[in-house]
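First up is the structure itself, then whatever we jot down about it.
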Amino acid sequence: MVEYRYSNLEIIIPSQDDLYRRIPSKMYWLHIKKLGASEGYIPPKIFTPVINGVSVEWERFTTPKFTRERYGDPKENGILKLNTGEVREIPHDVKHTPLRPDNIAHSDILIPESGVEKTYARKELSKISEIIIKPPKLPD
228 MVEYRYSNLE IIIPSQDDLY RRIPSKMYWL HIKKLGASEG YIPPKIFTPV INGVSVEWER
288 FTTPKFTRER YGDPKENGIL KLNTGEVREI PHDVKHTPLR PDNIAHSDIL IPESGVEKTY
348 ARKELSKISE IIIKPPKLPD
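And the structure:
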């Protein structure tokens with residue numbers, strides 16, 4: 228891990244860097260079943276903005292495994308990967324928004340909070356995402 232010292236300067240996430248997003252298994256499989264989609268499909272609802280945007284973690288300060296373990300039982304989560312440059316091409320910005328001192332990897336993808344633009348943004352984020360840790364299936 229890189230040593231990190233806080234400052235008032237904004238840190239720009241390089242376009243070549245990746246972002247990780249947790250996928251709660253319950254949410255993932257519920258949407259897959261509801262949509263009649265196949266495994267591997269990433270439902271756009273996974274990208275629902277909360278307060279400042281869609282919460283992600285910057286690879287510079289975390290790993291997929293650590294991101295998965297940060298939120299409750301890791302067996303109940305999967306992990307998505309997105310590339311920062313591809314997010315910006317949609318076009319949506321990515322801001323480093325560390326949650327001090329517990330999560331310096333925290334960042335936000337800034338998308339509209341409502342309307343057609345939000346729907347479009349979520350669909351586009353879904354298309355450029357890749358599941359790197361599959362959400363475990365839940366018992367029926």
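Position in the sequence shown counted from 1, then plus 227, gives you this note's numbering. Beta carbons: idealized from backbone N, C-alpha and C, even for Gly.
Please name the residue, chosen from the options, that lies closest to residue i on a Cα-to-Cα basis.
i: Thr289; options: Glu357, Asp320, Lys308 and Leu257; result: Lys308
i: Arg295; options: Leu262, Thr324, Ile238 and Ala332; result: Ala332
i: Pro363; options: Leu352, Glu303 and Glu344; result: Glu303
Consult DSSP for residue i and reduce its assignment to one of helix, strand or coil.
i: Tyr255; result: helix
i: Ser265; result: coil
i: Ile273; result: helix
i: Leu246; result: strand
i: Ile355; result: helix
i: Pro241; result: coil
Alpha carbon to alpha carbon, what distance is there between residue j and residue i?
i: Glu251; j: Arg315; result: First, the amino acid is wrong: residue 251 is Pro here, not Glu. Each residue's alpha carbon lies about 25 angstroms from the other.
i: Ser356; j: Asp245; result: 10 angstroms
i: Ile259; j: Ile240; result: 31 angstroms
i: Val281; j: Lys272; result: 11 angstroms
Starting from residue i and walking both ways along the beta strand (DSSP E), at which residues does that stretch end?
i: Glu284; result: Val281 to Trp285
Taking only beta-carbon positions, decide if residue i is within less than 9 angstroms of chain C.
i: Ile238; result: Absent here is chain C; the protein component of the structure consists of one chain.
**Study point:** Segments assigned beta strand (DSSP E), at least 3 residues, entirely inside the region 292–348
**Key:** Runs of beta strand (DSSP E) with 3 or more residues, each lying fully within the region 292–348, are found at 304–310, 321–323 and 333–336, listed in chain order.
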